[in-house]
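The structure under discussion appears below in the form of structure tokens.
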Amino acid sequence: MIFRRIGGAALVLLIVVALNFFLFRVMPGDPLSGMMDPKLSAEAKDKIRAMWGLDKPLGEQFFIYVGQMATFNFGMSMTTQRPVWDELRSRVPNTVALLLPALLLSAALGIYLGVKAAVARGSLTEKLVIWSGAVSFSVPSFFVQIVLLMCFAYTLPLFPLRGSSSIPPPVGATAVFDYLWHLSLPLISLVALSFGGWALYIRNMMVKTLGEDYILMAVARGLPKGRVVWNHAFRSILPPVLTMLLLSLPGVVSGAVLTETVFSLNGAGSLLLEAVNSHNYPVAQAAFYIMALLTVLCNLLADLLCALADPRVRLGGEQA
Amino acid sequence: MKRFISPVALLILIFLSFIELSAIGLPESDTASAPPWSKPEWLDSSEAPTVLLRVSDSSPAQALSWSWNAPLNFAITGHLRGELVWKTPEKDFTLAKTASETALDINGNDMSFKRALGERPFASLPGVLFPTTGEYELSLTGSGDVTFRVDGGRWGWLGADQRGRDVASLFVRGVSVSLIVGLSATLIATLLGTSLGLLSGYAGGVLDSLIMRAVDVLLSIPTLPILMVMAGILGKSLVTLVLILSLFSWMGTARMVRAVAMSLRDAPWVENLRALGAKRSYIIFRHLLPEATPLLLANIALGVPGVILAEAGLSFLGLSDPRLPSWGRMLHEAHTYGAFTKGAWWMILPPGFGIAAVCLIFMDIGRRLEEMSDPRLKSS
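Taken in sequence, the protein lines are chains V and D. Numbers 53 to 372, taken from my numbering, label the letters of the first sequence in order. Numbers 17 to 396, taken from my numbering, label the letters of the second sequence in order.
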């Protein structure tokens, strides 16, 4: 079962790589025409093409390309002439440091509020959940973030306006504090924007589950309320919740680009935007590939968690 | 009453997207009509407003009652044969005097103009022409058509942006972009998703697993990065944007239609149709598609917010046509030109609330359509 999931993840990655490969080659001319001096002789042009491996047949090029992607050999950046991997390596941890806590915190807050809203129907919590759910599906994240930046970084100078660290960067233990301080407003905004969707989803499922007969049975047995809600009702909706975690990942990664742009954070998303804007295709491809890779890996992880949480999936897998 | 709110709001938006800007008293959205960063007119009445005085053959004199300090600057444009006189409570100035039809393009900082008025080159002309509060008058003798623009710090309903364009005009223009992109991309995506879903659900087999695999893959790739890469490579025009957005939003529809088609494929009445010798295309188009239509309508309405948000996100990242004023583009410019460090909230709030409002409207309509197609949802 695990092998099938890994196979699926590999397929997704292969398709991303193929997409990258062919998008790069549908451009008018060839990828190098923008870089080469038109006054160069035809021989020199052929030499440069051979240097980049563009003289080989398309199939072989693709084969080589897949190998390069698998070994993180992304070539040279067109603007800085440094290896792309060097540029990416410093950026990816920033993205992960933003997304992982944001995802976990919003899921935790959403689960807590959603369950609470389902237990206390008609309460203030339920109204909050319904409204924040509607907001999280309709309000553009970057707009809220700009407004937060305007209120809490400019008008009230509580948070830094831009960047991942102060200039000049502090040293020692203050550096960690400084980094967290720069991360806090983006993180808070992401959590505030996305917990509503979670909470609404959890509430809807919990309301249905709490109406089931076995819950009534558990209550009739005199079990404590908290135990009925969490151990009986919530436990049974855990697999779909994990599936939702899985499905929300691409959206979360997409949101990273916007968040990093608004707060000028040095992440993979802002690198992608810079690369797209400066037609720096090797970097753009690599940043996109890394973001897809992150998504696929988290997907795989959530898949495995799902198997752990749902005995039906686990047992079914072992039999197959 | 409540159920009319979103349809009426949608009708108003459609009306706004078709209307000429001049019909509702707004200037064109691509011209600078006020000083950059002007506040909304109603915001701060202690600051001088931006005023346009237009005199022509049909209305040769315009009065202005001025109760503020001197404005920032002024400009005179148009054409004139004759004399243009500016009457202040203290003194009269002849701003221009021409013997033949002459085009005028005068800026208040122009040294030669200051000399012509008999002022020193370092004099501040707005201070000279607006020495005090009181009644002023611009009058034209002869013929011509002259616009006298007094630049204050306030302008229009929603102020001006970093290029001095009217924010209210940009906002109204943005309505049409949001609606066009949202509706057309969703329609294309629905068409694509419906055909693939029907094919997948009714035909089954290899085709089905192939299409569903594609859906799974597309659903597990982050969309915005790939849209960015595609917009960067394929260009920023509106048509490209609509096409790539629809290419990445058909998956949900396909899944839903497939489920409907699969549940109907083995239904007894469909089996009877097959037994009667009905062709596959006949069953699909005359029986399966009508069954799915109510759900599809709801699906279209519920799909629009996602597309609008994606478009706004791409435009916010600067990956949209720069000549086309869309709400995402407005936020992009507000962000890159530092609107909030200038306190220019009027550049940020209108487009943001506009996007949110359109999304809420479509979500509400979609929910209602869903309830109409499945009344069980209503009771909960």
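No residue lacks a Cβ here, since even glycine has one placed at the ideal position from N, Cα and C.
Listed along chain D, the residues sitting closer than 7 Å to I67 of chain V by beta-carbon distance are V233. Take the alpha-carbon of T352 of chain D and the one of A79 of chain D: they are about 40 Å apart. When 7 Å is used as the limit between beta carbons, V245 of chain D is near these residues of chain V: L75, V328, A336, F340, in chain order. When the beta-carbon positions are compared, M267 of chain D and G217 of chain D stay at least 8 Å from each other.
Following the DSSP letters along the chain, one finds F90 of chain D inside the beta strand (DSSP E) bounded by residues 89–103. Looking only at V:Y206, V:A336, V:K277, V:S300, the smallest Cα-Cα distance to A159 of chain V is reached by V:S300. Below the 7 Å Cβ cutoff, chain D contributes S236 as neighbours of N351 of chain V, in chain order. Contact check for T206 of chain D against V320 of chain D fails: the beta carbons are separated by 8 Å or more. According to the DSSP assignment, E326 of chain V belongs to the alpha helix (DSSP H) that extends over 320–329. Residue state for D98 of chain V is assigned as helix, using DSSP reduced to three classes.
The shortest CA-to-CA distance from E44 of chain D to any of D:P105, D:V183, D:K113, D:S194 is the one to D:V183. Among the residues facing chain D, V293 of chain V is not included, as its CB has no counterpart in that chain under 8 Å away.
Contact between L240 of chain D and V309 of chain V holds: CB atoms are separated by about 5 Å, below the 8 Å threshold. For L357 of chain V, same chain residues with a beta-carbon under 7 Å away, outside a window of 5 residues either side, are L294 in chain order. Comparing C-alpha distances from A326 of chain D to each of V:S330, V:E264, V:V191 shows the shortest one belongs to V:V191. When DSSP states are grouped into helix, strand and coil, M103 of chain V belongs to the helix group. Under the three-state reduction of DSSP, I299 of chain D is assigned to helix. Annotated three-state conformation of S236 of chain V is helix, per DSSP. Looking at the DSSP output, M128 of chain V sits in a beta bridge with V:P135.
G59 of chain V is classed as exposed because its beta carbon has fewer than 16 other beta carbons within 10 Å across all chains shown. Contact check for N146 of chain V against F340 of chain V fails: the beta carbons are separated by 8 Å or more.
Annotation: Q178 of chain D is outside any alpha helix (DSSP H) and is labelled neither H nor E by DSSP. For S185 of chain D, same chain residues with a beta-carbon under 7 Å away, outside a window of 5 residues either side, are L37, L42, P43, E44, S45 in chain order. Residues of the region 297–308 of chain V with a Cβ closer than 9 Å to any Cβ of chain D, in chain order: L298, L299, L301, P302, G303, V304, V305, S306, G307, A308.
Within the region 216–301 of chain D, the alpha helix (DSSP H) runs of at least 4 residues that lie entirely inside it are, in chain order, 221–235, 239–250, 254–263, 267–281, 284–291. Around the Cβ of A372 of chain D, a 10 Å sphere holds 16 or more other Cβ atoms; the residue is buried. If the five residues before and after E178 of chain V are omitted, its C-beta is found closer than 6 Å to the C-beta atoms of A169, all from its own chain and listed in chain order.
In this structure the region 309–321 of chain V does not lie against the region 108–116 of chain V, because fewer than three pairs of beta carbons, one per stretch, are closer than 8 Å.
Chain D places a beta carbon closer than 8 Å to that of Y206 of chain V, counting this residue as a contact. Per the coordinates, the alpha-carbon of V67 of chain D lies some 35 Å from the alpha-carbon of L335 of chain D. Taking 8 Å as the threshold, the shortest C-beta distance from H331 of chain V to chain D falls below it. Fully enclosed beta strand (DSSP E) runs of no fewer than 3 residues occupy 67–72, 77–82 of the region 30–96 of chain D, in order along the chain. Per DSSP, the unbroken alpha helix (DSSP H) holding R131 of chain D starts and ends at 127–132. With distances taken between CA atoms, S342 of chain D lies nearest to D:V188 out of D:G158, D:F138, D:V188. Contact between V197 of chain D and L29 of chain D fails: their C-beta atoms lie close to 13 Å from each other, not under 8 Å.
Contact between the region 112–127 of chain D and the region 89–96 of chain D is present, with at least three C-beta pairs closer than 8 Å.
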